[in-house]
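Sequential numbering of the sequence shown, starting at 1, is according to the UniProt record's numbering. The structure under discussion appears below in the form of structure tokens.
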Amino acid sequence: MGYKDWFKKASVYQIYPKSFKDSNDDGIGDIKGIIQKLDHIENLGIEVIWLTPIYVSPQKDNGYDIEDYYNIDPIFGTMDDFEELLTEVHNRGMKLIMDMVINHTSTQHRWFKEAKKGEDNPYHDFYIWKKTKDRKLPNNWESKFGGSAWEYVEDIDKYYLHLFDVSQADLNWENPKLRLEIYKMMNFWMKKGVDGFRLDVINLLSKNQDFPNDTLESPNHDGRRFYTDGPRIHEYLKDINKNVFSLYENSMTVGEMSSTTIPNCINYTNPNNMELDMTFNFHHLKVDYLNGEKWILAQFEFDKLKEILFDWQVQMQVGNGWNATFWSNHDQPRALSRFGDDKSYRIESAKMLATSIHLMRGTPYIYQGEEIGMTNPNFESINEYKDIESINAYKNLIKKGYSEDDVLQILRSKSRDNSRTPMQWNENGGFTKGSSWIKMANNYKIINAKYEIEDEESIYNYYKKLINLRKEYDIISHGDITPILKDHESILAYIREYKNQKLLVVCNFFAQNTEIDINQYIKNFKCKILIKNYCERDLSKSMILKPYECFAILIN
Numbered sequence: 001m002g003y004k005d006w007f008k009k010a011s012v013y014q015i016y017p018k019s020f021k022d023s024n025d026d027g028i029g030d031i032k033g034i035i036q037k038l039d040h041i042e043n044l045g046i047e048v049i050w051l052t053p054i055y056v057s058p059q060k061d062n063g064y065d066i067e068d069y070y071n072i073d074p075i076f077g078t079m080d081d082f083e084e085l086l087t088e089v090h091n092r093g094m095k096l097i098m099d100m101v102i103n104h105t106s107t108q109h110r111w112f113k114e115a116k117k118g119e120d121n122p123y124h125d126f127y128i129w130k131k132t133k134d135r136k137l138p139n140n141w142e143s144k145f146g147g148s149a150w151e152y153v154e155d156i157d158k159y160y161l162h163l164f165d166v167s168q169a170d171l172n173w174e175n176p177k178l179r180l181e182i183y184k185m186m187n188f189w190m191k192k193g194v195d196g197f198r199l200d201v202i203n204l205l206s207k208n209q210d211f212p213n214d215t216l217e218s219p220n221h222d223g224r225r226f227y228t229d230g231p232r233i234h235e236y237l238k239d240i241n242k243n244v245f246s247l248y249e250n251s252m253t254v255g256e257m258s259s260t261t262i263p264n265c266i267n268y269t270n271p272n273n274m275e276l277d278m279t280f281n282f283h284h285l286k287v288d289y290l291n292g293e294k295w296i297l298a299q300f301e302f303d304k305l306k307e308i309l310f311d312w313q314v315q316m317q318v319g320n321g322w323n324a325t326f327w328s329n330h331d332q333p334r335a336l337s338r339f340g341d342d343k344s345y346r347i348e349s350a351k352m353l354a355t356s357i358h359l360m361r362g363t364p365y366i367y368q369g370e371e372i373g374m375t376n377p378n379f380e381s382i383n384e385y386k387d388i389e390s391i392n393a394y395k396n397l398i399k400k401g402y403s404e405d406d407v408l409q410i411l412r413s414k415s416r417d418n419s420r421t422p423m424q425w426n427e428n429g430g431f432t433k434g435s436s437w438i439k440m441a442n443n444y445k446i447i448n449a450k451y452e453i454e455d456e457e458s459i460y461n462y463y464k465k466l467i468n469l470r471k472e473y474d475i476i477s478h479g480d481i482t483p484i485l486k487d488h489e490s491i492l493a494y495i496r497e498y499k500n501q502k503l504l505v506v507c508n509f510f511a512q513n514t515e516i517d518i519n520q521y522i523k524n525f526k527c528k529i530l531i532k533n534y535c536e537r538d539l540s541k542s543m544i545l546k547p548y549e550c551f552a553i554l555i556n
């Protein structure tokens with residue numbers, strides 16, 4: 001184990017600055033607020049903090065629509081504030097990675113304003129433009145946020161591509177001048193002392209240059225196969241690595257991969273390829289999408305969840321790739337409300353979910369609030385939602401004839417705003433003294449960081465133990481993985497192996513007791529329970545697991 005794979009022993013904490021801590025009581029979280037709460041993160045044992053975008057932005061998509069790559073948005077503070085944050089993070093022995101969006105910019109970006117002036121402008125080819133006869137759409141690709149992925153600009157009689165919101169114009173990575181500008185900008189931040197990047201939808205950079213129509217026969221046939229993991233994507237990533245990442249020792253990169261494949265992610269992350277350190281994929285977070293449709297109520301399919309998780313674990317291992325392992329982020333509902341039981345077994349299921357993912361092969365990510373067992377807020381009105389995707393979905397579903405009650409029930413389960421409510425710091429909320437930009441969940445009096453830190457048996461202190469186990473035991477950070485009990489209807493279980501040790505991990509994903517037999521794995525061996533979420537657990541030939549029970553046994 002050398003410095004190059006230090007991130008295998010690390011755990012990452014994601015901060016969504018807008019909702020983390022407000023220091024000036026304007027209702028919006030900010031950089032100074034993050035500084036105030038760094039001890040909370042350091043105390044967990046975190047090595048890396050990931051900040052979602054804090055650049056100048058019109059905030060049409062919560063900062064993922066960047067207007068100015070080089071400056072901090074005033075709603076979050078100043079460059080001096082950011083430099084202070086960087087210093088404070090480094091002084092605590094942690095690293096900081098920034099979110100970087102290089103698939104698209106805001107249409108308010110200077111480049112796009114220039115590009116709209118026409119073909120003679122040097123910035124015109126920084127974006128993807130198409131001219132058609134009779135103003136016919138260039139193709140039938142759909143935006144991720146609904147509607148066509150093309151928008152017409154009358155002044156120049158052309159369409160530009162926007163795979164996301166109409167205010168987020170896709171960059172033209174075929175243009176070498178654009179690529180050089182991106183490298184220059186990324187080096188600006190690295191030279192400032194940033195430790196790496198989380199790269200937003202990075203596998204969408206390379207588009208099929210024929211821009212063919214898709215069939216639209218399912219939600220997955222909306223054009224994505226023509227721009228996902230595209231023809232030149234590995235070339236582009238190698239080039240970014242050569243011009244940016246490789247210049248800085250101990251930097252870390254994680255790519256967010258949209259609708260990707262295992263073979264591509266092996267190529268993205270195999271160290272011999274010099275592209276990225278690790279990748280996020282989201283296939284396991286679509287097991288409650290009925291026939292691929294997000295905006296519909298459905299129970300998650302446990303068999304499918306296990307199959308996807310283990311396919312990625314095993315095949316990435318075989319190909320020497322590396323996963324970023326996670327349940328939650330700013331784009332997903334709270335995992336505890338989704339895969340656990342946020343009422344009767346909130347503590348048990350939160351600990352079980354943490355165990356299942358933190359002891360797998362990969363670098364684990366914690367999303368703010370996950371470590372204290374925060375839940376979906378269960379908003380009562382569409383007026384309480386702020387997310388552009390959710391508001392568009394509401395309008396579309398009402399148009400299709402759904403009742404308002406049914407639509408709100410869907411949003412309470414599926415909206416991205418479920419994870420964007422303010423961090424619950426104490427029994428008074430503790431996020432702001434002002435009026436927060438989005439409503440706080442009503443359960444902050446009983447679910448909050450102050451209570452969690454003080455309680456030795458809390459979710460927070462359980463996460464702390466998991467994070468420290470990864471540092472202490474090489475089998476967690478570097479061991480191979482083998483799924484077991486694959487056909488069990490309630491249990492997710494696997495064995496990690498490294499040198500002469502084995503680690504057996506068992507997780508009950510349901511609120512019912514269930515029986516298992518692990519005798520074949522522990523018989524005649526010296527066993528030690530490393531972590532468990534119920535006080536009592538004896539190791540017997542056949543055992544009954546309680547609701548959402550989990551444990552990990554070290555076998556020598």
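Beta carbons: idealized from backbone N, C-alpha and C, even for Gly.
Going along the chain, which residues of its own chain have a beta-carbon closer than 7 Å to the beta-carbon of residue i, five neighbours each way excluded?
{"i": "Val244", "result": "Tyr183, Met186, Asn187, Met190"}
{"i": "Gly77", "result": "Asp30, Ile31, Lys32"}
{"i": "Asn175", "result": "Asp125, Phe126"}
{"i": "Glu371", "result": "Leu44, Ile459, Tyr460, Tyr463"}
{"i": "Glu151", "result": "Tyr159, Tyr160, His162, Val166"}
{"i": "Glu84", "result": "Ile35"}
Looking at the secondary structure, which residues open and close the beta strand (DSSP E) in which residue i lies?
{"i": "Asn491", "result": "Before going further, note that residue 491 is Ile rather than Asn in the sequence given. Element bounds for Ile491: 491 to 498."}
{"i": "Asn508", "result": "501 to 508"}
{"i": "Thr482", "result": "480 to 484"}
{"i": "Tyr345", "result": "Here Tyr345 belongs to no beta strand (DSSP E), and DSSP marks it neither H nor E."}
{"i": "Ser106", "result": "104 to 106"}
{"i": "Met79", "result": "Counting along the chain, Met79 falls outside any beta strand (DSSP E), though it belongs to the alpha helix (DSSP H) covering 79 to 91."}
{"i": "Ser542", "result": "542 to 545"}
{"i": "Asn71", "result": "68 to 72"}
Relative to the C-alpha of residue i, which residue among the options is closest?
{"i": "Lys526", "options": "Ile544, Tyr548, Leu503, Met543", "result": "Leu503"}
{"i": "Arg179", "options": "Arg198, Lys133, Asp125", "result": "Asp125"}
{"i": "Trp322", "options": "Gly27, Lys242, Asn273, Glu154", "result": "Asn273"}
{"i": "Asp342", "options": "Asn320, Phe510, Asn24, His283", "result": "Phe510"}
{"i": "Arg420", "options": "Ile553, Ile398, Ala335, Leu492", "result": "Ala335"}
{"i": "Ile49", "options": "Val56, Tyr55, Ile41", "result": "Ile41"}
{"i": "Asn513", "options": "Arg496, Leu485, Ile544", "result": "Ile544"}
{"i": "Val101", "options": "Leu204, Asp277, Gln317, Glu489", "result": "Leu204"}
{"i": "Asn320", "options": "Trp173, Ala350, Asp277", "result": "Asp277"}
{"i": "Lys4", "options": "Glu472, Pro271, Leu216", "result": "Pro271"}
{"i": "Thr105", "options": "Phe164, Glu154, Thr87, Lys130", "result": "Phe164"}
{"i": "Lys37", "options": "Gln108, Lys21, Thr52", "result": "Lys21"}
{"i": "His330", "options": "Met423, Trp111, Met316, Gly146", "result": "Met423"}
{"i": "Val337", "options": "Val318, Gly369, Gln315, Phe310", "result": "Residue identity differs from the one stated: residue 337 is Ser in this sequence, not Val. Per the Cα distances, Gly369."}
{"i": "Gln520", "options": "Tyr248, Phe112, Ser542", "result": "Ser542"}
{"i": "Ile518", "options": "Leu485, Tyr498, Ile531, Cys550", "result": "Leu485"}
{"i": "Met374", "options": "Ser143, Ile522, Ser328, Val12", "result": "Ser328"}
Just to check my reading of the structure: residue i and residue j have Cβ atoms closer than 8 Å, yes? What is that Cβ distance to the nearest angstrom?
{"i": "Ile357", "j": "Phe379", "result": "That belief does not hold up - the Cβ atoms of Ile357 and Phe379 are roughly 27 Å apart, past 8 Å."}
{"i": "Met352", "j": "Cys507", "result": "5 Å"}
{"i": "Asn501", "j": "Ile555", "result": "A quick correction: the sequence has Gln, not Asn, at residue 501. Right, the Cβ-Cβ distance comes to about 7 Å (below 8 Å), so this counts as a contact."}
{"i": "Ile54", "j": "Asp73", "result": "6 Å"}
{"i": "Ile529", "j": "Ile491", "result": "Contact doesn't hold; Cβ gap of about 17 Å is too wide."}
{"i": "Leu305", "j": "Glu275", "result": "About 28 Å separates the two Cβ atoms, so there is no contact after all."}
{"i": "Met316", "j": "Ile266", "result": "6 Å"}
Give every residue of the same chain whose Cβ lies closer than 8 Å to the Cβ of residue i, excluding the five residues on either side of it in the sequence, and list them in chain order.
{"i": "Gln313", "result": "Asn323, Met360, Arg361, Gly362, Ile481, Pro483, Tyr494"}
{"i": "Asn396", "result": "Gly146, Trp295"}
Residue range of the alpha helix (DSSP H) that residue i falls in?
{"i": "Arg179", "result": "176 to 192"}
{"i": "Leu44", "result": "38 to 44"}
{"i": "Ala449", "result": "449 to 454"}
{"i": "Pro263", "result": "262 to 269"}
{"i": "Met374", "result": "Looking at the DSSP string, Met374 is not in any alpha helix (DSSP H), and its letter there is neither H nor E."}
{"i": "Gln317", "result": "302 to 318"}
{"i": "Trp111", "result": "110 to 115"}
{"i": "Ala393", "result": "388 to 399"}
{"i": "Phe326", "result": "Element bounds for Phe326: n/a, residue is neither H nor E."}
Ignore the nearest five residues each way along the sequence and tell me which others in residue i's own chain have a CB closer than 6 Å to its CB.
{"i": "Arg412", "result": "Asn378"}
{"i": "Asp288", "result": "Ala298, Phe300"}
{"i": "Lys426", "result": "For clarity, residue 426 is Asn in the given sequence; the question names Lys instead. If we look at Asn426 and ignore the five residues flanking it on each side, its Cβ neighbours are Asn448, Lys450."}
{"i": "His283", "result": "Ile308"}
{"i": "Ser259", "result": "Arg224, Thr228"}
Measure from the C-beta of residue i to each C-beta in chain C and report whether the shortest distance is under 8 Å.
{"i": "Tyr127", "result": "Any reference to chain C falls outside this structure, which holds one protein chain only."}
Quick test of the definition: if touching needs 3 or more C-beta pairs under 8 Å, does the stretch 464 to 482 touch the stretch 40 to 51? yes
Does the stretch 132 to 152 come within contact of the stretch 202 to 214, defined as at least 3 CB pairs closer than 8 Å? yes
Segment contact, 8 Å Cβ cut-off, at least three pairs: the stretch 14 to 32 with the stretch 414 to 434: yes
Quick check: the stretch 406 to 420 against the stretch 379 to 395, are there 3 or more CB pairs under 8 Å? yes
Check whether the stretch 153 to 161 and the stretch 90 to 99 touch, using three or more Cβ-Cβ pairs below 8 Å as the test. Between the stretch 153 to 161 and the stretch 90 to 99 there are fewer than three C-beta pairs closer than 8 Å, too few to call the two in contact.
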